[in-house]
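Peer 1: In this text, residue positions in the sequence shown follow our numbering: the first is 1, and each later residue adds one.
Glycine residues also receive a C-beta, built at the ideal position from the N, C-alpha and C atoms.
What you are looking at is a predicted structure, and each value in this text was computed from that prediction instead of being measured.
Dumping the structure here so I can ask a few things about it.
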Amino acid sequence: MSGLKIPKYKEMSMKHKLNVYSKPKYVYIPLISSNDENITVLVNIGDYVFKGSQIGRRKGNFKTPIFSSVSGSVIGFEKRTISSGKSVKCVVIENDFKEKIEKGFKQVKKLNNITKEEFVETIENCGIVGLGGAGFPTYVKYSTHQKIHTLIVNAVECEPYITADYFIIKEKCEEILEMIDAILEINNIDNCIIAIKTTNKSLMTIFNKYIGTYLKIKVVLVPNIYPMGWERKLIKEVTGITYEKIPSEKGIIVNNVSTIYAMYQALKLNKPMIERIVTFSGFGLKKPQNVLVKVGTPVDEVINYIGGSYKTKKLVMIAGGPMMGTKVDDLVITPEVNSVLIMEDDFECDVQECLRCGKCINVCPANICPVLIKDNIDDTSALKSMNVDKCISCGLCSYICPAKINVREYVSIAKEKVGK
Numbered sequence: 001m002s003g004l005k006i007p008k009y010k011e012m013s014m015k016h017k018l019n020v021y022s023k024p025k026y027v028y029i030p031l032i033s034s035n036d037e038n039i040t041v042l043v044n045i046g047d048y049v050f051k052g053s054q055i056g057r058r059k060g061n062f063k064t065p066i067f068s069s070v071s072g073s074v075i076g077f078e079k080r081t082i083s084s085g086k087s088v089k090c091v092v093i094e095n096d097f098k099e100k101i102e103k104g105f106k107q108v109k110k111l112n113n114i115t116k117e118e119f120v121e122t123i124e125n126c127g128i129v130g131l132g133g134a135g136f137p138t139y140v141k142y143s144t145h146q147k148i149h150t151l152i153v154n155a156v157e158c159e160p161y162i163t164a165d166y167f168i169i170k171e172k173c174e175e176i177l178e179m180i181d182a183i184l185e186i187n188n189i190d191n192c193i194i195a196i197k198t199t200n201k202s203l204m205t206i207f208n209k210y211i212g213t214y215l216k217i218k219v220v221l222v223p224n225i226y227p228m229g230w231e232r233k234l235i236k237e238v239t240g241i242t243y244e245k246i247p248s249e250k251g252i253i254v255n256n257v258s259t260i261y262a263m264y265q266a267l268k269l270n271k272p273m274i275e276r277i278v279t280f281s282g283f284g285l286k287k288p289q290n291v292l293v294k295v296g297t298p299v300d301e302v303i304n305y306i307g308g309s310y311k312t313k314k315l316v317m318i319a320g321g322p323m324m325g326t327k328v329d330d331l332v333i334t335p336e337v338n339s340v341l342i343m344e345d346d347f348e349c350d351v352q353e354c355l356r357c358g359k360c361i362n363v364c365p366a367n368i369c370p371v372l373i374k375d376n377i378d379d380t381s382a383l384k385s386m387n388v389d390k391c392i393s394c395g396l397c398s399y400i401c402p403a404k405i406n407v408r409e410y411v412s413i414a415k416e417k418v419g420k
């Protein structure tokens with residue numbers, strides 16, 4: 001499997017301390033979970049909700065709950081853009097700034113005393129999802145009957161600009177290690193590997209300060225290539241193991257490091273998924289930095305709060321990283337949003353005919369042939385034989401293309417066609 005060294009620009013958002021934006025006048029809580037809009041709405045206009053009140057729940061499989069991130073009144077329903085670029089129905093809540101919390105927030109003093117059933121139930125009921133970008137319900141991974149021998153904590157953060165995971169480790173290392181230790185104990189997992197990049201050796205120093213008593217946990221350095229944070233590539237790198245469909249087949253669970261801390265808050269405080277650290281960066285921002293933001297907060301409010309953007313430049317907003325992110329006109333924060341980039345709009349370029357150089361094939365970590373998929377974009381039967389479903393949308397094919405063809409877009413279209 002391939003990959004590439006690409007410029008990172010991470011130092012831009014590391015110059016400032018972690019900031020907090022906690023007072024949006026309104027929040028817009030999207031009624032969607034894991035890309036499913038089949039949500040039972042639990043509130044009506046005029047209802048008063050607390051911080052942590054459940055306002056919706058996904059139907060069918062993966063019954064993930066959705067929560068209010070503020071206390072206040074439900075004033076309506078409105079469509080807003082989320083990180084996929086999709087416009088979805090949201091519950092609009094007017095913040096009363098009283099921070100009244102839902103009854104049931106409690107403290108569990110000893111995490112290791114929790115049973116596996118209580119563990120799974122709590123992270124399900126608190127709506128904990130993967131915070132690395134996918135948003136997959138975390139409890140599902142731990143509901144397996146397969147024997148799990150290794151937990152891999154993904155702290156690689158391989159996309160350029162993004163440093164949200166870096167800051168969660170810097171701020172909450174002790175809590176992260178405590179949670180990992182509890183996960184191993186509760187789920188009878190043999191060991192844990194925390195993966196960080198070779199360029200983040202300062203994080204190794206932070207971990208080493210606390211890790212001495214945790215004999216089942218080790219920190220390993222992985223190469224600084226993209227997309228090293230891809231689950232399949234990371235597992236192969238740190239264990240040598242490959243798998244067919246999901247990691248649990250081979251006794252492995254992978255969690256993003258920010259997800260680990262969200263689990264800690266759920267189990268220690270019964271705190272649901274209502275906020276997260278987001279990296280705000282890019283050459284269009286005056287003061288790139290990381291900010292703790294409530295779910296449902298409009299992004300433009302946060303940008304103004306941290307100093308704003310350069311108005312003299314033509315700018316574009318990207319939800320996520322520059323490689324896998326989505327260009328959007330506006331955005332509300334959801335658990336999947338690890339980064340918001342404000343970039344100079346230089347995406348328009350002179351596109352040439354394909355040079356048949358094969359670079360997109362050589363660099364593809366999923367071992368598919370992007371250029372052939374592009375060539376056969378109108379032939380659905382041919383596309384079905386090209387493993388388009390294996391594409392992880394990493395963007396390397398577009399990044400490497402000397403003809404400036406947006407190959408990733410063609411492959412994404414192909415995935416939609418084959419999936420129908």
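Cα separation between residue 315 and residue 273?
Peer 2: Their backbone Cα atoms lie some 31 Å apart in a straight line.
Peer 1: Taking the straight line between their C-alpha atoms, what separation do you get for residue 156 and residue 339?
Peer 2: When rounded, the distance between both Cα atoms is 15 Å.
Peer 1: Alpha carbon to alpha carbon, how far is residue 168 from residue 306?
Peer 2: Going by the C-alpha atoms only, they are around 19 Å apart.
Peer 1: I'd like the span of the alpha helix (DSSP H) that includes residue 303, first residue to last.
Peer 2: Its alpha helix (DSSP H) spans residues 299-305.
Peer 1: Among 3, 162, 30, whose alpha-carbon lies nearest the alpha-carbon of residue 279?
Peer 2: Nearest of 3, 162, 30 to residue 279, Cα basis: 162.
Peer 1: How far does the alpha helix (DSSP H) with residue 116 in it reach, from first residue to last?
Peer 2: That run of the alpha helix (DSSP H) goes 116-125.
Peer 1: Strictly under 8 Å for the Cβ-Cβ distance: is residue 166 near chain D by that measure?
Peer 2: Absent here is chain D; the protein component of the structure consists of one chain.
Peer 1: Is the segment 318-335 touching the segment 76-88 in the sense that three or more CB pairs, one from each, lie closer than 8 Å?
Peer 2: Touching, yes, given that three or more Cβ pairs across the two stretches are closer than 8 Å.
Peer 1: Please report how far the alpha carbon of residue 236 lies from the alpha carbon of residue 223, in whole angstroms.
Peer 2: Taking the straight line from one Cα to the other gives about 12 Å.
Peer 1: Below 8 Å on the Cβ atoms is my contact criterion, and I expect residue 205 with residue 127 to pass it. Report the Cβ-Cβ distance as a whole number of Å.
Peer 2: Their Cβ separation, rounded to whole angstroms, is 33 Å, which puts residue 205 and residue 127 out of contact at 8 Å.
Peer 1: Specify, as a first and last residue, the run of the beta strand (DSSP E) that residue 112 falls within.
Peer 2: Where residue 112 is concerned, there is no enclosing beta strand (DSSP E), given that its DSSP letter is neither H nor E.
Peer 1: Could you tell me if residue 320 is buried or exposed, where buried requires 16 or more neighbouring beta carbons within 10 angstroms of its beta carbon?
Peer 2: Buried, because 16 or more other Cβ atoms sit within 10 Å of the Cβ of residue 320.
Peer 1: Sort out for me which residues DSSP pairs residue 56 with in a bridge.
Peer 2: Answer is 41, 66, bridged to residue 56.
Peer 1: Tell me residue 30's beta-bridge partners as DSSP assigns them.
Peer 2: In DSSP, residue 30 forms a bridge with 90.
Peer 1: Assign residue 366 to buried or exposed, taking buried as 16 or more other Cβ atoms, counted over all protein chains shown, within 10 Å of its Cβ.
Peer 2: Result: buried.
Peer 1: Can you find at least 3 beta carbon pairs, one from the segment 231-250 and one from the segment 190-201, that sit closer than 8 Å?
Peer 2: The segment 231-250 vs the segment 190-201: in contact.
Peer 1: Thinking C-beta only, is residue 62 closer than 8 Å to residue 34?
Peer 2: It is a contact, given that the beta carbons lie within the stated cut-off.
Peer 1: Residue 349: buried (16+ other C-beta within 10 angstroms of its C-beta) or exposed?
Peer 2: Counting Cβ neighbours within 10 Å, residue 349 comes out exposed, since fewer than 16 surround it.
Peer 1: Output the boundary residues of the beta strand (DSSP E) element that contains residue 425.
Peer 2: The shown model of the chain, from 1 to 420, leaves out residue 425, and the question about it has no answer.
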